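Visitor:
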Amino acid sequence: MLHTRLDQNSAKPLPVVIIGNGPSGICLSYLLSGYIPYVRRGSVHPNPILQRKLEETPEVSILDQDLEYLSEGLEGRSSSPLALLFDALLRPDTDFGGTAESVLTWWHQPNRAVPHLVLGKNLPGGAWHSIEGSMFTLSRGDWMGLPDLQFKDWISRKKKGFRNNRATAGDIVQYYQYYVANKSLKKNFLCGTVVTSVKSLRVDADYSSQVSRDSGSRWDLPEKPQDDSKETGNLFQVDGFVTTINGTQPFSVYTENVVLATGTYDSPSWLGVQGEDLPFVHHKLSALEDAARTKEIGTMSDPILIVGAGLTAADAVLFAHHCNIPVIHAFRRHVNDPALIFNQLPKTMYPEYHKVHQMMKEEVASGPGLYESYVSLPEHHIVSFTEDRKCIFRDKSGRQKVYNISVAFILIGSNPSLSYLPNNGVDLAVDCEQPVSSKRNPIDVDPFTYESVHEKGLYAMGPLAGDNFVRFVQGGALAIASSLLKKANRNPP
42 MLHTRLDQNS AKPLPVVIIG NGPSGICLSY LLSGYIPYVR RGSVHPNPIL
92 QRKLEETPEV SILDQDLEYL SEGLEGRSSS PLALLFDALL RPDTDFGGTA
142 ESVLTWWHQP NRAVPHLVLG KNLPGGAWHS IEGSMFTLSR GDWMGLPDLQ
192 FKDWISRKKK GFRNNRATAG DIVQYYQYYV ANKSLKKNFL CGTVVTSVKS
242 LRVDADYSSQ VSRDSGSRWD LPEKPQDDSK ETGNLFQVDG FVTTINGTQP
292 FSVYTENVVL ATGTYDSPSW LGVQGEDLPF VHHKLSALED AARTKEIGTM
342 SDPILIVGAG LTAADAVLFA HHCNIPVIHA FRRHVNDPAL IFNQLPKTMY
392 PEYHKVHQMM KEEVASGPGL YESYVSLPEH HIVSFTEDRK CIFRDKSGRQ
442 KVYNISVAFI LIGSNPSLSY LPNNGVDLAV DCEQPVSSKR NPIDVDPFTY
492 ESVHEKGLYA MGPLAGDNFV RFVQGGALAI ASSLLKKANR NPP
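Going by my numbering, the first residue of the sequence shown is number 42, and it counts up by one from there.
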């Protein structure tokens, strides 16, 4: 089975290869497996304008309708019109605290399935496997669900509930694995794979003119597979290796379309300061958990340093506080900066993060506070680390301070790892002079197909396309599935 799925050198190219098996890849696999959304008979959407549009052609599936027309005028917490559309269809009034049912019903039409392969490093669930299982999600639990299997229904069958309407990362991983099995998607998934290269094959003389700019030397590949099938105008070679119980082997697969769904969790951000590569300086939350488990740090050790003012840094503070590990917490912003994530979260829904924010405000180094073994250093920058485990800081006035530390944890975000793309994917970004970033410089895609504006046949979804929450990545899946169904001519007459 492994040989037939990956050794495509002399076979007809696959229509689609999806790189990444997190919620983005899972949702797209569901839509490409012949599960087609229609407006449920008798349903009434609370948005009267959208309801009127849905009434115009109720017999036509959502995938086959004009998605730009349906999404026009929708507003919400995403800048993507199709993210807002699919979210509105799945969760009609969720932003207003409502619990209205989805207006969609799902029909399984196997004749409309598009053959595809989903490649992932781990079991289905993507980066959720990297998050400590007891951590609570930022989003509400019912926003973590995928189409046609509500998360709250699944969790209730486990006789578990939500804490402040939130779920644990462990529950989310189990749900995604159950979803893949329950929807009979396993045959599309190949786990234990690492993609090392994606190259574009120019299959006809006119193709280069279809690309909006010259990326020739980076994307061209001189040869193509010996295949007499009808060419679609674009073809990609995906290389990598796969690890099974029988060992590791390389693979090379040819495909007409590639979907990038690898998220942004792979490559932690660095400060870029002297000494940051010393062995006691880490860039992942999991390193803190490992250090506590192996007794490298404890109540009697020098304080650990946590750098950052996002939710991962807050999780680290909470973990250390729970273990009675002394902490120095440094961050660049003022504690009342409106851009600080804590100033945007409802206190009742996120009490633990509100507690961290309170500590950040009250435990400044200038005097004693309510919380022992915690020191807050707002508006401080790291200058360097030394081999004898000292950290040199600079405050907002330019004065330098030196603290002894045991271990440092730089938790200032992460960037996508796109080393498998030519030039690390920079040529595909909105600003093709800067690295790809989910927040500042995503891959430049058509908002209604999610196809790259720079490389025909290449799609991006999820954080790579600027959609950073599970509830909104599904709009990208809707866009891509609609586009690929049109390409495959699997639309009804």
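Ideal Cβ positions, reconstructed from N, Cα and C, are used throughout, including at glycine.
Computed from a predicted structure; not experimentally measured.
Put Arg-440 into one of helix, strand or coil per three-state DSSP.
Guide: Three-state result, Arg-440: coil.
Visitor: Under 8 Å Cβ to Cβ from Val-358, same chain only, skipping five residues before and after it: list those, please.
Guide: For Val-358, where only same-chain residues beyond five positions count, the Cβ hits under 8 Å are Ile-347, Val-368, His-370, Val-397, Met-400 and Tyr-415.
Visitor: Measure the Cβ-Cβ separation of Ala-522 and Leu-104 and say whether it is below 8 Å.
Guide: Cβ distance < 8 Å, so Ala-522 and Leu-104 count as in contact.
Visitor: Can the beta-carbon of Phe-127 be found less than 8 Å from the beta-carbon of Gln-515?
Guide: Their beta carbons are under 8 Å apart, which means Phe-127 touches Gln-515 by this criterion.
Visitor: Among all the DSSP beta bridges, which residues are the ones paired with Leu-469?
Guide: DSSP lists no partner for Leu-469.
Visitor: Using a Cβ-Cβ cut-off of 8 Å, state whether Trp-147 counts as contacting chain C.
Guide: Here chain C cannot be found, since the structure has a single protein chain.
Visitor: Between which residues of its own chain and Val-239 is the CB-CB distance below 7 Å, once the five residues before and five after are set aside?
Guide: Closer than 7 Å at the Cβ level, and outside the excluded window around Val-239, lie Phe-277, Val-279, Val-299, Tyr-461 and Leu-462.
Visitor: Taking 8 Å as the cut-off, decide whether the C-beta atoms of Asp-487 and Ala-470 are in contact.
Guide: Not closer than 8 Å, so no.
Visitor: Could you say which of Ile-433, Pro-165 and Ser-438 lies nearest to Tyr-444 if we only look at CA atoms?
Guide: Taking only the C-alpha atoms, the option nearest Tyr-444 is Ile-433.
Visitor: Do you know offhand how far Glu-420's Cα is from Lys-437's?
Guide: Taking the straight line from one Cα to the other gives about 6 Å.
Visitor: Going by C-alpha to C-alpha distance, which of His-86, Glu-297, Leu-158 and Ala-222 sits closest to Gly-498?
Guide: Cα-wise, what sits closest to Gly-498 is Glu-297.
Visitor: DSSP puts Phe-513 in a beta bridge; with which residues?
Guide: The partner list for Phe-513 (beta bridge, DSSP) is empty, contrary to what the question assumes.
Visitor: Are there 16 or more other CB atoms within 10 angstroms of the CB of Met-502, so buried, or fewer, so exposed?
Guide: By the neighbour-count rule (16 or more Cβ atoms within 10 Å), Met-502 is buried.
Visitor: Which runs of the beta strand (DSSP E) fall wholly inside the stretch 282-361 and span at least 3 residues, in chain order?
Guide: List check, beta strand (DSSP E) in window: 288-301 and 345-348.
Visitor: Quick check: what's the CA-CA separation for Arg-435 versus Val-405?
Guide: Going by the C-alpha atoms only, they are around 15 Å apart.
Visitor: In whole angstroms, what separates the C-alpha of Lys-528 from that of Asn-275?
Guide: If I take the Cα positions, the gap works out to 12 Å.
Visitor: Have a look at Ala-210 and Glu-330 and give me their C-alpha separation to the nearest angstrom.
Guide: Those two C-alpha atoms are separated by around 15 Å.
Visitor: Residues in its own chain within less than 6 Å of Gly-117 by CB, not counting five upstream and five downstream?
Guide: Excluding sequence neighbours, Gly-117 sits near Leu-125.
Visitor: Who are the near neighbours of Val-155 in its chain, counting only those whose CB is closer than 7 Å to its CB and skipping five residues on each side?
Guide: So the list reads Pro-56, Val-57, Leu-73, Leu-525, Leu-526, Ala-529 and Arg-531, once near-sequence residues are dropped.
Visitor: Whole angstroms is fine: what's the gap from Asn-62's alpha carbon to Leu-164's?
Guide: Going from the Cα of Asn-62 to the Cα of Leu-164 covers about 8 Å.
Visitor: Is Ile-382 closer than 8 Å to Thr-340 when the C-beta atoms are compared?
Guide: Cβ atoms of Thr-340 and Ile-382: not closer than 8 Å.
Visitor: State the DSSP-derived secondary structure class of Arg-118, mapped to helix, strand or coil.
Guide: If DSSP states are grouped into helix, strand and coil, Arg-118 belongs with coil.
Visitor: Considering only the beta carbon of each residue, do Ser-308 and Pro-64 sit closer than 8 Å?
Guide: Result no, Cβ atoms of Ser-308 and Pro-64 do not sit closer than 8 Å.
Visitor: Within this structure, are the beta carbons of Leu-505 and Thr-284 separated by less than 8 Å?
Guide: Going by C-beta atoms, Leu-505 is not nearer than 8 Å to Thr-284.
Visitor: Please report the straight-line C-alpha distance between Val-314 and Cys-364, rounded to a whole angstrom.
Guide: The straight-line gap from Cα to Cα measures roughly 29 Å.
Visitor: Should Tyr-219 and His-149 be called a contact, given that it needs their Cβ atoms to be closer than 8 Å?
Guide: In this structure, His-149 does not lie closer than 8 Å to Tyr-219 by Cβ.
Visitor: DSSP on Phe-192, reduced to helix/strand/coil?
Guide: Residue state, collapsed to three classes: helix.
Visitor: Just checking my contact of Gly-349 with Phe-321 at CB under 8 Å: how many whole Å lie between their CB atoms?
Guide: Their Cβ separation, rounded to whole angstroms, is 17 Å, which puts Gly-349 and Phe-321 out of contact at 8 Å.
Visitor: Select from Glu-474, Leu-145, Val-467 and Lys-162 the residue whose C-alpha is nearest the C-alpha of Ser-102.
Guide: Nearest of Glu-474, Leu-145, Val-467 and Lys-162 to Ser-102, Cα basis: Leu-145.
Visitor: Please report how far the alpha carbon of Asn-482 lies from the alpha carbon of Val-467, in whole angstroms.
Guide: Between Asn-482 and Val-467, the C-alpha separation is close to 9 Å.
Visitor: Here's the rule I'm using: 16 or more other beta-carbon atoms within 10 Å means buried, otherwise exposed. How should Phe-282 be labelled?
Guide: Classification for Phe-282: exposed.
Visitor: May I ask you to report which of helix, strand or coil DSSP gives Leu-73?
Guide: Reduced to three states, the DSSP call for Leu-73 is helix.
Visitor: Rounded to whole angstroms, what's the CA-CA distance from Ala-333 to His-395? Just pull it up for me.
Guide: Rounded to the nearest angstrom, the two C-alpha atoms are 24 Å apart.
Visitor: Can you check DSSP and say which residues form a bridge with Phe-434?
Guide: DSSP lists Ile-423 and Lys-442 as partners of Phe-434.
Visitor: Report the three-state DSSP secondary structure of Asp-212 (helix, strand or coil).
Guide: Reduced to three states, the DSSP call for Asp-212 is helix.
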